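Colleague: Each residue of the sequence shown is one higher than the one before, starting from 1 at the first, in the UniProt record's numbering.
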Amino acid sequence: MRKVDQWNAGGSPSDEQDEFVSRPNLSSGVMYEEPVAAGDVESIGVIKAGASWVSVGLLQISDILGVGLLAMGGAFASLGWILGFVLSILFAGMCVYLAILQWQCQLAYPNAYSQRTLTREVFQNRGATAFVGITLYLLLFVVCASYLLALQQSLSGIFGDIVHLCQYQWTLVSCAILVPTLFLRNLSALKYLVKLACFLLVAVVIMVVAFVGVQLANHNDVAGTGTDSISPTMSMTSFFGGLSNICFAFCGLPVFLEMSAEMADRNDFPKSFRISVPIELVLFFLVSVSSYLYQGKDASSLLDTIPKGKAMYVAVNVFLFLYMIVAYTIKGIIISRALHIEIWPTTVDESGLRPTLQHVFCGTILLVSAFITATAIPVFNLVIQFCGALFIPLLAYQFPIVMAFKTRRNLGQTTKLYELVLWTFIMAFFLMLEIIGTWMNIKSLSTYFSNNKPFQC
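(1) Residue 399 to residue 128, Cα distance in whole Å?
(2) List the whole-angstrom C-beta distance separating residue 183 from residue 347, where the pair is believed to meet the contact cut-off of C-beta under 8 Å.
(3) Have a look at 185, 99, 150 and flag the residue whose alpha-carbon is nearest the alpha-carbon of residue 172.
(4) How long is the line joining the alpha carbons of residue 299 and residue 361, rounded to whole angstroms?
(5) What does the alpha-carbon distance come out to for the pair residue 196 and residue 372?
(6) Under the rule that 16 or more other beta-carbon atoms within 10 Å means buried, what is residue 107, buried or exposed?
(7) Please go through the same chain and pick out, in chain order, the residues whose beta-carbon is closer than 8 Å to the beta-carbon of residue 260, but skip the five residues on each side of it.
(8) Assuming residue 238 contacts residue 78 (C-beta within less than 8 Å), just tell me the rounded distance between them.
(9) Determine whether the beta carbon atoms of residue 135 and residue 429 lie at a separation below 8 Å.
(10) Does DSSP put residue 146 in a helix, a strand or coil?
(11) Taking C-alpha atoms, which residue in 205, 121, 234, 215 lies nearest to residue 76?
(12) Between the Cα of residue 435 and the Cα atoms of 456, 408, 410, 387, which residue gives the shortest distance?
(13) In the structure shown, what three-state DSSP assignment does residue 111 receive?
(14) Checking 8 Å against the spacing of the C-beta atoms, do residue 334 and residue 146 come in under that value?
(15) Should residue 425 go down as buried or exposed, given a rule of 16 or more other Cβ atoms within 10 Å for buried?
(16) Can you give me the start and stop residues for the alpha helix (DSSP H) that residue 169 sits inside?
(17) What is the rounded straight-line gap between the Cα of residue 155 and the Cα of residue 97?
(18) Three or more C-beta pairs under 8 Å: does that hold for the stretch 196-210 against the stretch 314-334?
(19) Return the CA-CA distance between residue 162 and residue 309, expressed in angstroms with no decimal places.
(20) Please report the straight-line C-alpha distance between residue 431 and residue 389, rounded to a whole angstrom.
(21) Within 10 angstroms of the Cβ of residue 240, are there 16 or more other Cβ atoms? Answer buried if so, exposed if not.
(22) Using the C-alpha atoms, what's the distance from residue 453 back to residue 446?
(23) Are residue 61 and residue 198 closer than 8 Å when you measure CB to CB?
(24) Determine whether the beta carbon atoms of residue 88 and residue 246 lie at a separation below 8 Å.
(25) Looking at C-alpha atoms only, which residue of 394, 443, 419 is the closest neighbour of residue 138?
(26) Once the 5 residues before and after residue 211 are set aside, which same chain residues still bring their CB inside 7 Å of it?
(27) In angstroms with no decimal places, state the Cα-to-Cα distance between residue 282 and residue 417.
(28) Specify the secondary structure class of residue 440 as computed by DSSP and reduced to three states.
(29) Can you give the beta carbon distance from residue 141 to residue 369, rounded, assuming they're within the 8 Å contact cut?
(30) For the candidate residues 249, 364, 255, 296, whose alpha-carbon lies nearest to that of residue 178?
(31) With a threshold of 6 Å on Cβ separation, who are the neighbours of residue 91 within its own chain once the five nearest residues in sequence on each side are excluded?
(32) For residue 297, does the three-state DSSP call read helix, strand or coil?
(33) Which of the three DSSP states, helix, strand or coil, is assigned to residue 120?
(34) Taking only the alpha-carbon atoms, compute the straight-line gap between residue 252 and residue 277 and give it to the nearest angstrom.
(35) Can you tell me whether DSSP reads residue 39 as helix, strand or coil?
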């Protein structure tokens, strides 16, 4: 049976090792081949054995790319070529560095399987644990709302010329389509779903790039648009909006602990970036370059790159529609399981009607919350920018540094001066993004709500 170090209230490792605490894992419902009885640790260990660094790398791609692809064109339009490329590369490198810092903390505290539980293990403080947990749930709820918005946009793109509905009605239809996924508690075919999601994303990118290539070859770029090395019309609002888009595009860190917790060998986690980061950057750049070259300063979402009325527009929306169902299903199971653990921890891995209905109840809470958010803020870019300014900087960029600093103090380790300087710069930069970026996005939301109302047709 696997052993882990337990940490006493003072934050230092104890001299003896206790047996593994049989607590349901936040994302274990995703990796399990079949339902496992609570407390059956040996079975859990066997079932988890298949989570390799390759599968985790593919899971990172399917988790990060989808919504990020939709937002990157708008980021380049706001920032221009130079800032768009430079910031994308910097953010990708920063995410790898911070993800490894976070993973190192998990190695020191093996019982940690999420940011909330890592906070509990490192700080031994209920207030800090509750703050991180609430913030993480709010982020995941907003991310699911963005999935729902993308789903309803693609759905209306497919059937909008046949059926005329209000935007909130398309969102309601999207929710109805997702209802059957609420009954899924364990995805035995996760590896196939992840591969399917990656295939759908690559297919979408190929179709968009091919369409733009043909249009540019025929000199059919959008009239009156242009591209710039640095946007001459860039304002404080557009700069922080574009920055928030890029920040959101690389937002996987809040759930990376769940992924590494499910690996057969956690020491292999850094290898997953050999697959995920190069593919993410290539696909991000392909979409960004295509959108910006074709639409210029009017570039916004990937969904808007191909004009309505063209067969390719419908095809792209079909693939995006299928991808968003898969993406929401994976994310929904993880979050529903997390809620299930918090409310009914003893029935998480039990089979039967009652545990299933409890899981469905948790999934319903998530779906209703996503519907309310998507209806209240039905503009995709506004949701992405708000989330990228308020939640992502805290959980994806500042949290790993705070955890690494405290963990090293608990272990009696010192941090080198150059690393302290780097950490201080990162913390200050993202604090600025949180304050100024959130304020700018609140102003954008205020402007939107002054002219639009929820449930408006």
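Built from N, CA and C at the ideal position, the CB exists for glycine as well. Keep in mind the model is a prediction, meaning the values are calculated, not measured.
Modeller: Taking the coordinates as given:
(1) 11 Å
(2) About 15 Å separates the two Cβ atoms, so there is no contact after all.
(3) 150
(4) 39 Å
(5) 29 Å
(6) exposed
(7) 56, 103, 106, 266, 269
(8) 4 Å
(9) no
(10) helix
(11) 234
(12) Comparing Cα positions, the closest option is 387.
(13) Under the three-state reduction of DSSP, residue 111 is assigned to coil, being neither helix nor strand.
(14) Not closer than 8 Å, so no.
(15) exposed
(16) It spans 167-178 - the alpha helix (DSSP H) in which residue 169 sits, taken as one unbroken run.
(17) 37 Å
(18) yes
(19) 12 Å
(20) 10 Å
(21) buried
(22) 11 Å
(23) yes
(24) The Cβ atoms of residue 88 and residue 246 lie closer than 8 Å to each other.
(25) 394
(26) 306, 312
(27) 34 Å
(28) helix
(29) Indeed, because the Cβ distance is near 5 Å, the residues count as touching under 8 Å.
(30) Relative to the Cα of residue 178, the nearest Cα in the group 249, 364, 255, 296 belongs to 364.
(31) 246, 250
(32) Here residue 297 sits in helix by DSSP.
(33) helix
(34) Spanning the two alpha carbons is a distance of roughly 11 Å.
(35) Because the pLDDT of residue 39 is 42, which lies under 50, any placement of that residue in the model is unreliable, and the number read from its coordinates should be weighed accordingly. Of the three classes helix, strand and coil, the one that applies to residue 39 here is coil, per DSSP.
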